[in-house]
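First the structure, in the form of structure tokens, and then the observations on it.
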Amino acid sequence: MVAPYSKPLSLFFETEFLPEVLGNSEKNTQDAYKKAVRRFVQWSACDIQMHCVTEGILDRFQRAVIIEGMTPKNARAICVYIRRIVRHKYKDRCLKQNGRRPHETHPVVLAGLAAEEMDVEGSLYRFWREQYVPKRMIGAKQASVEQLRYSIVRFGKCLGRNPMLTDLNEEAVTGFLNWMLNVSGLSVATTNSARGHMVSLWRYANRRKLIDTLPDIDKLKEYRALPEAWTMEQLGMIVAAARKQITPKTGMLYPPGLYFPALILTAYDTGLRIRALRGIQRTGWKPERLEITAEAEVMKHRVSQTFQVSEETRDAIENMLKNAKSEHESPLLFPWPHSSTALNGAYRKILERCGLYTSGKDSFHKLRRTSATHLTAAVGIEAASRHLGHSGIEMTKRYVDPRLTNEHRAAHNLPRPKSPGHSNGAKGGDQ
Numbered sequence: 315m316v317a318p319y320s321k322p323l324s325l326f327f328e329t330e331f332l333p334e335v336l337g338n339s340e341k342n343t344q345d346a347y348k349k350a351v352r353r354f355v356q357w358s359a360c361d362i363q364m365h366c367v368t369e370g371i372l373d374r375f376q377r378a379v380i381i382e383g384m385t386p387k388n389a390r391a392i393c394v395y396i397r398r399i400v401r402h403k404y405k406d407r408c409l410k411q412n413g414r415r416p417h418e419t420h421p422v423v424l425a426g427l428a429a430e431e432m433d434v435e436g437s438l439y440r441f442w443r444e445q446y447v448p449k450r451m452i453g454a455k456q457a458s459v460e461q462l463r464y465s466i467v468r469f470g471k472c473l474g475r476n477p478m479l480t481d482l483n484e485e486a487v488t489g490f491l492n493w494m495l496n497v498s499g500l501s502v503a504t505t506n507s508a509r510g511h512m513v514s515l516w517r518y519a520n521r522r523k524l525i526d527t528l529p530d531i532d533k534l535k536e537y538r539a540l541p542e543a544w545t546m547e548q549l550g551m552i553v554a555a556a557r558k559q560i561t562p563k564t565g566m567l568y569p570p571g572l573y574f575p576a577l578i579l580t581a582y583d584t585g586l587r588i589r590a591l592r593g594i595q596r597t598g599w600k601p602e603r604l605e606i607t608a609e610a611e612v613m614k615h616r617v618s619q620t621f622q623v624s625e626e627t628r629d630a631i632e633n634m635l636k637n638a639k640s641e642h643e644s645p646l647l648f649p650w651p652h653s654s655t656a657l658n659g660a661y662r663k664i665l666e667r668c669g670l671y672t673s674g675k676d677s678f679h680k681l682r683r684t685s686a687t688h689l690t691a692a693v694g695i696e697a698a699s700r701h702l703g704h705s706g707i708e709m710t711k712r713y714v715d716p717r718l719t720n721e722h723r724a725a726h727n728l729p730r731p732k733s734p735g736h737s738n739g740a741k742g743g744d745q
């Protein structure tokens, strides 16, 4: 079944808008529209579908071409032309404003394809559901299965119809990646993830003799930002702010002002991901030995690890356990009754209280980077790599903040240039 939003902008312009609307217009007007469509499609780096053209896309286009040197007047003119073309296709749709307009009966929402529309013979969705998941994803986490499914849904949004197995070709998949980057505005990392999903499906379909070709699409180069970790002063401020936390008030087995300091200190001592921390069993806590064990089931690399924590962390955990609001004990050491979003929101309030929150990069994962950074500074990156459960130090390097390990202080070890006539007594320089 084909979705209603399936025609590329350039094709709609040439076959419908140009003859129906501009048929009797002057050549200069027709050329102006053609130039606008060509420039917009060139910027999107794909044969952009009609249903993908939104006001957000036009705003990004306008900012991008102005940065490239186009005058604001010309950039706005192109957007006006594109809006007129889209409005001719969707009479009740207006791109100038989000939400309901006086001439609209309801806000326009471009929803994804429904599962029953996608689950048809020869579709990529059916191949994923009936063959790929049962045979290639045995034992995989549900989150991984859902990520692959969502990549298929995104592929369908790009194509404007139900993606079929025959769409696993170089032209369609590279167009999809360009669509993710330039039209949807997604990051290179997210685009690479979708590329990996498409390539995996493609290879397995070839292996099952359903497709004759094999993928030859290179991974996109990612820009890697400098890892950021907390200083010890900042971490102390966070723990102090956590002791003042009073929310959430409902559903908590332990007082928030005791729960969060114990959770944060344990995250720092162990370097564990927040999902693994929340999955630690009460039986994995050995206060007499200052040890805490995370079972393989909650670890990303599926290997159990035992960590030794500090006396400060032990005291924080024991203080939390002694002040349970209910006699009913949870099997988990750090039970959380609400959603992951609520947990991140509560942690954000702690960071905001001490003035340290700036973006999503300051979430719980920054505690993992903090643990790796300070351990690297103390005993080396090999020990930090084992601590984090990485297979090698190359991955660990992505977690280590060089500003806190003295790696960026090269100038302190470099000889200094000599001033003419002042060689005697000058420090540094070639001898």
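Following our numbering, the numbering of the sequence shown begins with 315 at its first residue and continues without gaps. We put the beta carbon where it would ideally sit given N, CA and C, even for glycine.
Please give the ranges of any alpha helix (DSSP H) in the region 668 to 728, keeping only runs that are unbroken, at least 4 residues long and fully inside the region.
Runs of the alpha helix (DSSP H) inside the region 668 to 728: 679 to 693, 695 to 702, 707 to 710.
Given a cut-off of 9 Å on the beta-carbon distance, is the pair Leu670 and Met551 in contact?
In the sequence shown, the residue the question calls residue 670 occupies position 356. In the sequence shown, the residue the question calls residue 551 occupies position 237. In this structure, Met551 lies closer than 9 Å to Leu670 by Cβ.
Just list the residues that DSSP pairs Glu605 with in beta bridges.
Stepping through the sequence shown from its first residue, residue 605 is reached at position 291. Paired residues: Lys600, Gln622.
Assign Arg468 to one of two classes, buried (16 or more other C-beta atoms within 10 Å of its C-beta) or exposed (fewer than that).
Here residue 468 corresponds to residue number 154 of the sequence shown, with the count starting at 1. Buried, since its Cβ has 16 or more Cβ neighbours within 10 Å.
Ser324 to Asn483 span [Cα, whole Å]
In the sequence shown, the residue the question calls residue 324 occupies position 10. In the sequence shown, the residue the question calls residue 483 occupies position 169. C-alpha separation (whole angstroms): 21 Å.
In the DSSP assignment, what are the bridge partners of Pro322?
Locating residue 322 in the sequence shown gives position 8, counting from the first residue. Paired residue(s): Gln363.
Mapping DSSP to helix, strand and coil, what is Ser514?
Locating residue 514 in the sequence shown gives position 200, counting from the first residue. Here Ser514 sits in helix by DSSP.
Three-state secondary structure (DSSP) at Ser805?
No statement about residue 805 is possible, as the shown extent of the chain runs from 315 to 745 and does not include it.
Do Gln595 and Pro645 have their beta-carbon atoms positioned less than 9 Å apart in this structure?
Counted from its first residue, the sequence shown places residue 645 at position 331. Counted from its first residue, the sequence shown places residue 595 at position 281. Yes; because the gap between Cβ atoms is below 9 Å, this pair is in contact.
Exposed or buried, what is Ser685 when buried is set at 16 or more other beta-carbons lying within 10 Å of its beta-carbon?
Indexing the sequence shown from 1 puts residue 685 at position 371. The residue in question, Ser685, is buried, as its Cβ has 16 or more Cβ neighbours within 10 Å.
Taking the C-alpha atoms as reference points, what is the distance between Lys405 and Ala350?
Sequence index remark: in the sequence shown, residue 405 carries index 91 (1-based). Sequence index remark: in the sequence shown, residue 350 carries index 36 (1-based). One C-alpha to the other measures close to 21 Å.
Select from Tyr347, Ile396, Thr505, Asp715 the residue whose C-alpha is nearest the C-alpha of Ala539.
As a first step, residue 539 is located in the sequence shown; it is residue number 225 there, counting from the start. Nearest of Tyr347, Ile396, Thr505, Asp715 to Ala539, Cα basis: Asp715.
According to DSSP, is Val423 part of a helix, a strand, or is it coil?
The sequence position of residue 423 within the sequence shown is 109, counting from 1. Residue placement at Val423 is flagged as unreliable, the pLDDT there being 30, under the threshold of 50; the coordinate-derived value follows with that caveat. DSSP places Val423 in coil when its eight states are reduced to three.
Counting Cβ pairs closer than 8 Å, one from the region 374 to 388 and one from the region 327 to 341, do we hit at least three?
no
Residue-level contact to chain D via CB, Arg463, 9 Å cutoff
Given the protein chain composition of this structure (a single chain), no chain D is represented.
Would you kindly check if the distance between the Cβ of Val617 and the Cβ of Ile606 is under 9 Å?
To locate residue 606, count along the sequence shown from 1; it is residue 292. To locate residue 617, count along the sequence shown from 1; it is residue 303. No.
Entirely within the region 624 to 663 and at least 4 residues each: give me those alpha helix (DSSP H) ranges in chain order.
Listed in chain order, they are 625 to 636.
Excluding the 5 residues preceding and the 5 following Gly593 in the sequence, name in chain order all residues of the same chain whose CB lies nearer than 8 Å to its CB.
Counted from its first residue, the sequence shown places residue 593 at position 279. The answer, listed in chain order, is Ala608, Glu609, Glu611, Val612, Leu646.
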